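To start, the structure itself, in structure tokens.
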Amino acid sequence: MKRLKDSFRDVARYPSAIIGMIIVIALFVFSFYTMWKIPYNEAIKMWRASESIVYKNPKNARPTWVNWFRKDKLPVSVDVVAGEDDDFTKVSEPRASGGSSIEFVYTFDYNYNELPQDFFLYFTADYQSKNPFISMTLLTPSGEDIKIADIGITKNQNYRFEQDEKLRTRLKRLHKGNEPATAMQGLLSKLGSDPFEIDKGTYKLTIQATTFEEGSDVDVELIMHGKVFGFFGTDHLRRDLKVAMMWGAPIALAFGLTAALGSAIITMFISAVGTWFGGWLDELIQRITEVNMVIPYFAVLIMVGTFYSRSIWTLLLVTIILNMFSASVKSQRAIFLQVKESTYIEAAIAYGASDLRIVTRYMIPRVIPMIIPGLVSAVPSYVFLEASLALLGLGDPSIPTWGKVINDARTFGAQYQGMYYWILEPAVFLMITGFGFALLGFALDRIFNPRLRGM
């Protein structure tokens, strides 16, 4: 154990080990922050993309950081609630005949060269029997006052500009027969312009709500689906990729570390037991190892995922089982054969130590420092294994992982639609994880293996 402690002190002598440790520690900190910030159950709900959760998210929106590198900025998504934002005011006045007259005014500047995806209004009304009436108009920078809609609303109702055919017909007339492709094009373009020209400047959306009962009230939430959203963007199901990018770290680390640690411990114990007892047991272990070495375990995992279960824990268990009798059994056996002939082992036998004590207290501790570098270096291989299975469509469909994101992007042709962020973001996380563990593993190999120190 003293050798183990001294070896860890040598880590500071290797810059690559320090960089690797910083990356690995950062991944662990990021993972714990993720589990605290987005609890697992909440993350699963967000990833399942129910309408009540993802309605605020635009579809296939790029991350906000793309605007850092663009001269012409893309429209940013907006979510405002009346009365909670200075730009979205709410004024209510009682009516003589009962009820109240409520005016909502939302003022916003639009100076983008591209159109947003859509405008949404979510109404929440409080009434007994007589539902409120809503009238909406939009004042453009050019001074045009465009009528949006006159509708009665229920207690929970949404209004989507792009789905209102009456609005599309009205905009077509306003543009003198030049039919806009979308409601957004008709509303945010200068009237009569051909080709359409975005009317840049300050807009004012006015919503007049009339209630007919005492104590009735109306609240409004306005959402503009832009073309950029969040730091990681969204996918084809409106899911915020932040969920998968953040939760991909703890899942990848849990899979990689459990597989590497489980395989290493079991392999080490099997090697020690076979070496100590020798005879038919050692021969059996060696033959199983030789057979296992020629089995393509990736193909076995594909069959398990295809015909049995895609659960990440099932795949993890199969991975550990297939790596119990890896080539490490033979290399560790060679070390244990030397340890077995040591004088302190003879002394242990002389004072009557049991077989279990000799294996666990005297043989295995001598090998632990030698397997640590391999254990650390094996973590990214298991992380990439899980990502590879997910990329082939064999990953756990209920869990947000980096590999699953890449598979979704490939399936829905993100690379052909210019949505490179959808592939690059998880790929960068995978590369950082592999890079950090590889640096640390190679440095530890030089520290624990004296023959490599001078190289």
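Residues in the sequence shown are numbered from 0 upward in steps of one, following numbering that gives the first Met the number 0. Quick reminder that beta carbons are idealized off the backbone N, C-alpha and C, glycines included. Values in this document were obtained by computation on a predicted structure and should not be read as measured data.
Query	Result
Inter-residue spacing [alpha-carbon to alpha-carbon] between Leu166 and Thr181	10 Å
Helix, strand or coil at Ser387 according to DSSP, with G and I counted as helix	helix
CB contact below 8 Å: Arg365 versus chain B	Checking the listed chains, one finds no chain B in this structure; it contains a single protein chain.
Where Glu385 falls, given that 16 or more other Cβ within 10 Å makes a residue buried	buried
Three-state secondary structure assigned by DSSP to Val104	strand
Burial state of Arg405, where buried means 16 or more other Cβ atoms lie within 10 Å	Per the sequence shown, the amino acid found at residue 405 is Ile instead of Arg. With 16 or more other Cβ atoms within 10 Å, it is buried.
Entirely enclosed alpha helix (DSSP H) segments - the segment 40-100, minimum 4 residues	50-53
Where Ser141 falls, given that 16 or more other Cβ within 10 Å makes a residue buried	exposed
Length of the line joining the Cα atoms of Gly232 and Asp193	33 Å
In DSSP terms, what Gln156 is bridged to	Phe122
Thr266 - DSSP class collapsed to helix/strand/coil	helix
Integer Cβ distance of Ala251 from Val382, believed to fall under 8 Å	5 Å
Three-state secondary structure (DSSP) of Met454	For Met454, the predicted model reports a pLDDT of 48, less than 50, meaning its position is unreliable; a value from the coordinates is still stated below. Coil.
Leu204 - DSSP class collapsed to helix/strand/coil	strand
Ala124 versus Met34 - alpha carbon distance	36 Å
N- and C-terminal bounds of the beta strand (DSSP E) containing Asp149	Asp144 to Gly151
Segment contact, 8 Å Cβ cut-off, at least three pairs: the segment 333-351 with the segment 360-367	yes
Buried versus exposed call for Gln416 [16 or more other C-beta atoms within 10 Å across all chains shown]	exposed
Assigned exposure category for Trp312 - 16 Cβ within 10 Å defines buried	exposed
Alpha carbon of Gly185 to alpha carbon of Glu196, nearest angstrom	10 Å
Asp444 versus Phe228 - alpha carbon distance	44 Å
DSSP bridge partner residues for Ile18 (one or two, in chain order)	Per DSSP, none; premise fails for Ile18.
Given Glu161 as reference, the closest of Leu321, Ile147 and Lys154 once Cα atoms are compared	Ile147
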